[in-house]
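Engineer: In the working numbering, the protein residues as written are 249 to 373.
Heads up, the beta-carbon is just placed ideally off N, CA and C, and yes, glycines get one too.
Before I ask anything, here is the structure I am working with.
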């Protein structure tokens with residue numbers, strides 16, 4: 249029994265060591281948006297002015313070598329007032345330093361889902 253527990257802990261540690269690492273700053277392929285990952289938050293800024301356009305509070309749902317999925321709560325400004333929505337964020341590693349960030353959400357005041365995709369790469373590593 250002890251050997252099984254030890255083996256299980258080793259396997260879990262092995263999988264964690266290869267999990268996707270998302271701490272730091274990432275720039276969109278177009279250079280317009282800056283994505284800042286810090287612990288359990290994601291901030292989306294306009295890259296030139298560093299003006300924040302959206303903020304997410306994230307809870308990790310699934311993590312693997314190739315992708316990380318988060319349940320998130322987005323806060324953003326709409327018509328001069330703060331608005332919230334629940335979204336699902338998925339970050340997939342495409343190559344060694346290139347990622348695809350996708351998020352899927354539905355606004356309270358809209359009838360359609362928004363699905364957005366960005367190719368991002370780290371800029372401060």
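1. What separation, rounded to the nearest whole angstrom, lies between the Cα atoms of residue 338 and residue 331?
2. Need the endpoints of the beta strand (DSSP E) that residue 293 sits in, please.
3. Looking at the structure shown, is residue 265 part of a helix, part of a strand, or coil, going by DSSP?
4. Applying the criterion that 16 or more other CB atoms from any shown protein chain within 10 Å of the CB defines a buried residue, is residue 287 buried or exposed?
5. So, with DSSP's three-state summary, where would you put residue 273?
6. Can you tell me whether residue 306 is buried or exposed? The criterion is at least 16 other CB atoms within 10 Å of its CB, across all chains shown.
Structural biologist: Walking through what the data contain:
1. One-based indexing of the chain shown puts residue 338 at position 90. One-based indexing of the chain shown puts residue 331 at position 83. Whole-angstrom Cα-Cα distance: 22 Å.
2. Here residue 293 is taken as the residue at index 45 of the chain shown, counted from 1. Residue 293 -> beta strand (DSSP E) spans 289-294.
3. Locating residue 265 in the chain shown gives position 17, where the first residue counts as 1. The predicted position of residue 265 is uncertain, since its pLDDT is 40 and thus under 50; a value taken from the coordinates is nonetheless stated next. Residue 265 falls in the helix class under three-state DSSP.
4. The count along the chain shown starts at 1 and reaches residue 287 at position 39. By the neighbour-count definition (other C-beta atoms within 10 Å, threshold 16), residue 287 is an exposed residue.
5. For the purposes of this step, residue 273 is taken as the residue at position 25 of the chain shown. Residue 273 falls in the strand class under three-state DSSP.
6. One-based indexing of the chain shown puts residue 306 at position 58. Burial of residue 306 is indicated by the presence of at least 16 other C-beta atoms within 10 angstroms of its C-beta.
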